[in-house]
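Just so we're on the same page, the numbering used here is the position in the sequence shown counted from 1, plus 9. We put the beta carbon where it would ideally sit given N, CA and C, even for glycine. Fair warning: this is a prediction, and the values are worked out from it, not measured in the lab. For reference, the structure discussed in these notes is given below.
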Amino acid sequence: MTSILMVCLGNICRSPLAHGLLESKLPSDLFYVDSAGTANYHIGDSPDQRSIAVAKTHGIDISQQQVRQFKISDFDTFDYIYVMDQSNFDNVIKLARDTDDFAKVKLILEVDTSTLDKHVPDPYYGGDSGFENVFKLLDKATSIISQQLLS
Ligand code: 4NP
């Protein structure tokens, strides 16, 4: 089993979308996908309604996900840890215990060589268009990741 963790700040907007998207593109008997937030603001909550809605529009159900906080043992559980932006990267890297932990952490948009901006913008304080934009960025990135993992 290969395990992949998606991480953002709150685990309600971006990482639940990345989680649902990648999960939809990989066989569940071979791959385990999860998501977490670096902050503890929303522990136990469902994803943001706007993320649930944009995913639903594209045929993906993320409504059953529940927020949890990133924890140090995630470095042991997961083979790959994809973060959404530099702030998430810094927060996760601060918890890395050794070079193996460090090497697992990547900005998710680094996989997409067609984009120069490597940060998935936080849509929390914006409108619905921000969520559609995040969905598109993550749809492309997760397609590339799934192709890499399946090849
Ligand atoms: P996320 O977005 O990191 O993509 O889940 C945010 C969600 C909540 C907050 C910030 C960002 N917040 O400040 O509560």
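- Residue range 11-17 is occupied by the beta strand (DSSP E) that includes T11.
- Per DSSP, the beta bridge partners of D43 are L14.
- Ranking V63, S44, D54 by CA distance to the CA of Y89 puts S44 first.
- A105 has its alpha-carbon roughly 33 Å from the corresponding atom of V63.
- The beta carbons of C22 and G46 sit no closer together than 7 Å.
- Counting C-beta atoms within 10 angstroms of its own C-beta, Y134 has fewer than 16 neighbours from the protein chains shown and is therefore classed as exposed.
- Put simply, the backbone Cα of K34 is about 31 Å away from that of D107.
- Rounded to the nearest whole angstrom, the C-alpha separation of A112 and I61 is 31 Å.
- Per the coordinates, the alpha-carbon of L39 lies some 30 Å from the alpha-carbon of P130.
- Under the three-state reduction of DSSP output, K65 falls in the helix class.
- For the options A48, R77, K127, the alpha carbon positioned closest to that of D54 is the one of R77.
- In the three-state scheme derived from DSSP, where H, G and I count as helix and E and B as strand, Q78 is classed as strand.
- With respect to the 7 Å criterion, H51 and V42 are not classified as neighbours on the basis of their beta carbons.
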